[in-house]
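Single-structure report; data block below.
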């Protein structure tokens, strides 16, 4: 249970960092940014651990969460424009 709460918290932070790092104007609110950040954290965290790139709780997981959130922001922006 604590792992899920930790991933949620890291996802919120990762979403806001990803929003700051991604260039361009997204026009989405902070709630959608937080949701995409949490989704990116879950995907990157569990996928990276499942593939054996790192273990749960390692600092590289936070970097992977930020990268996952940036990817989700890019994909969201791509589909939103169409």
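In my numbering, the protein residues as written are 24 to 105.
Ideal Cβ placement from N, Cα and C applies to all residues, glycine included.
Values in this document were obtained by computation on a predicted structure and should not be read as measured data.
Going by CA-CA distance only, name the one from 103, 74, 68 and 75 that's closest to residue 33.
68
Taking the beta carbon of residue 37 as the centre, do at least 16 other beta carbons fall within 10 Å, making it buried, or is it exposed?
buried
If I'm right that residue 162 touches residue 92 with Cβ under 8 Å, what's the distance once you round it to whole angstroms?
Only positions 24 to 105 of the chain appear in the structure, and residue 162 is not among them; the question remains open.
Quick one: give me the first and last residue of the alpha helix (DSSP H) that residue 76 is part of.
Segment: none, residue 76 is in no alpha helix (DSSP H) and carries neither H nor E.
Contact set for residue 101: own chain, Cβ-Cβ below 8 Å, skip 5 residues either direction:
None.
Taking the alpha carbon of residue 56 as the reference point, which residue from 75, 31, 27 and 74 has its own alpha carbon closest?
Cα-wise, what sits closest to residue 56 is 31.
If you check the beta carbons only, do residue 35 and residue 63 fall under 8 Å apart?
no
Counted within 10 angstroms of its Cβ, other Cβ atoms place residue 78 as buried (16 or more) or exposed
Counting Cβ neighbours within 10 Å, residue 78 comes out exposed, since fewer than 16 surround it.
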